[in-house]
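Residue numbers (numbering that gives the first Met the number 0): 0 to 596. From the three backbone atoms N, C-alpha and C, an ideal C-beta is built for every residue, glycine too. Just so we're clear, the structure is a prediction, and the values are computed from it rather than from any experiment.
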Amino acid sequence: MHLGIRLAKVGAVALLCFSQLASGETFTYPGGAPCQGTLQACIDGAAAGDTVELATHASIMEDLQIAKSLTLRAAEGFLPIIGGGAEEKSVDLCPHLGPETGSTSIEIEGLTFDFARLRCSLGPDRPHRRLALRNNIITFVKNEPGFPALEFTLRSPADIVIEGNVIHFELDHNGVAAVGFDVRDTRADILVENNEIASTGNGIEVAGSNASRLQAIVSRNRITASIPANSGIGIEFDFREGGTYDVAALGNVIHGVGGCNCGRNSGMHVTTPNFTGEAMFTVTNNTIAGNDATGLLAVLQGEGDQTLNVYNNTLSGNAGGGFQLYNYTSNPVAMNGSTNNSFDNGFSDTFLDIAPLTPTAFDPSFVDESNHDYRLRADSQLIDAGTDEPAGGITSIDAEGDLRISGAAIDLGAYEFAVVRPLFFTDRELFLSATQATAASASYSPVSDPPEPFLSGQIMFDAIHPSTLNFGAWPADFPGDNDVELAINDKEDLDIAMAAGFAYAMGIDFDDVSGGTTPSTFEVTVKTGDVQLARFQFETPHASGQNYIGVWAREPFNRLEIRETTTANENEFFGTVSISQALLPRAVFADGFEHIQ
């Protein structure tokens, strides 16, 4: 087996490029001929390689068939809906309407599908099909049994990309996947990447039987349950009989699934009943946490040649075991694995007739597990703890879209802790408008030398000895305050900390009202616990006027340490503390303040 590294590092690029093949005329629906009637008539009237843009906010209550190369997308400024009524609708991406002479490429982007399924049933001896579904919203809720929201039954060659979609799927049946692939007696390349999926059944299922060659990357998806009690599996690979398979689950976040108590429920499931072919499974850099079942369940069977690569995963807080790997094959399984983490799962890891992984048992130190924020805090022991070049390969970016390997080594789990220098603000209005921060401290009451640390709302204040806190009617008068501000007796050395939790932005009103010929110099240190993220230095202006101290970060923090390093015997005052849970966007930290001024 040698396809894994090529698949993980190169295969996705090849799949993503095919949408550039289509070129032709662009039609607007509704519009002139052939788009003045139904959407199906517009699609039928377009030529192969054309684009149909939907310039409507209305629901389009039609069953659709697309039998030619075509791009179907939302026109700029419009949010078109396919379906949306009480009657189930479908979009058939692989109809067999007559003789077919060549391959077909279809791309659907930026649409909303409400109670409308997308499906491709590609029978034997059909021309090559290329399908891409990008940046769509797909909602399918049906209180009875049914079929996947996205269903691909392939008996002829196909390339399929499912990328950037938001999918909410509910059926009265827990064995049906939101996104399902069934590949038999043919070859296929599949990429399912960067989707948000909530499902009653499996989130993503890739199944195959006698596939001549099946390559699949399932990467950077966030998968959970739409109805926890009905939920089965986050990601499943199920291969039977013969065939050649090279599949990878890379950088996914799976939480809250497996509540159905249906026998094989798990965060991720790998199974090979009666298998006689050749298969490589790569499971790397996934975060599988807080599920109602086992984290990773692999049940390998049959007589085939099977390889399992398991690296850099963190499995924690799952009701079952973290790793449950069983080898029931007649041949040894080639097991490659290192630097995994298994913490606080329901029972011990199990390795049956397979080389054990010996994972660490570190608390992953997630930012906010109760609210499903599985990014790592700065003090996490999973940072820089991984294997950089594992068998099977890695993705170039993490689940959030940040670059992998930002420190000394790759981190464990789906998120890379990338220490990007935070932005520092001295402008109140700019900070509040950019971060949408809101007040976290309470209105102050006059009190001199209160007990420290002093709690106000969500914020703890602590002056550094010999300095002390002094709340009073000082001359600063910040916007929206009650004319009570905070002064510091002695040097203005102050810690401002979250009483609980973390923030991505924190700022405080600050004023040097006395002016003076020699400004004071301050140093501001940004910390998560005792770990320093950044340090800034600034001088108070010579002229009087209000200032601000604000920090916006890509990583969570819970404390600002403000130190007056040089003083001009002046008095500075502090006001309301505001915080935000909004991350510093990548576009902002790439080019400074360009996008927020």
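DSSP state of A115 mapped onto helix, strand, coil: strand
For T328, the three-state DSSP class (helix, strand or coil): coil
T283 and N311 closer than 9 Å at C-beta: yes
I234 - DSSP class collapsed to helix/strand/coil: strand
T50 (DSSP reduced to helix, strand or coil): strand
Per-residue DSSP class, three states only, for A433: helix
Beta strand (DSSP E) runs contained entirely in the segment 198-260, provided each spans 3 or more residues: 203-218, 221-224, 232-249 and 252-254
Euclidean distance between Cα positions of F180 and S155: 13 Å
Delimiting residues of the beta strand (DSSP E) encompassing D91: K88 to D91
Q305, enclosing beta strand (DSSP E) - first and last residue: D304 to Y310
Bridge partner(s) assigned by DSSP for L402: I396
Contact between the segment 343-362 and the segment 493-505 (3+ Cβ pairs under 8 Å): no
Separation of L170 from S369, as counted between CA atoms: 26 Å
Buried or exposed (CB count within 10 angstroms, at least 16 for buried), V446: exposed
Cβ pair count under 8 Å reaching 3, the segment 99-116 against the segment 128-135: yes
For A40, the three-state DSSP class (helix, strand or coil): helix
Limits of the unbroken beta strand (DSSP E) element including R133: R128 to R133
Sequence ranges, beta strand (DSSP E) only - wholly within the segment 431-519, length at least 3: 453-455, 458-462, 467-471, 484-488, 493-497 and 502-511
C-alpha distance - D43 paired with V191, whole-angstrom precision: 29 Å
DSSP beta-bridge partners of N335: N308
Rounded Cβ spacing between A475 and F572 (contact assumed at less than 8 Å): 4 Å
For T185, the nearest candidate out of R427, Q305 and R125 (CA to CA): R125
For S120, three-class secondary structure by DSSP: strand
Backbone CA spacing between N193 and H167 [nearest angstrom]: 14 Å
Simplified DSSP assignment, three categories, for R534: strand
Inter-stretch contact at 8 Å, needing at least 3 Cβ pairs: the segment 261-271 / the segment 229-245: yes
According to DSSP, residues forming a beta bridge with T283: L249 and Y310
Alpha-carbon spacing of P389 relative to V205, whole angstroms: 23 Å
Cα-Cα separation between L411 and G321, rounded to whole angstroms: 15 Å
Expected contact under 8 Å - CB spacing of N317 and T293 to nearest Å: 6 Å
Where F151 falls, given that 16 or more other Cβ within 10 Å makes a residue buried: buried
Backbone CA spacing between H95 and A66 [nearest angstrom]: 7 Å
Close Cβ partners of A398 (< 6 Å) along its chain, the five nearest in sequence each way excluded: R219, G250, V252, A413 and Y414
Where the beta strand (DSSP E) through L582 begins and ends: No beta strand (DSSP E) contains L582, which DSSP labels as neither H nor E.
I80 versus P227 - alpha carbon distance: 28 Å
Alpha carbon of T103 to alpha carbon of A215, nearest angstrom: 20 Å
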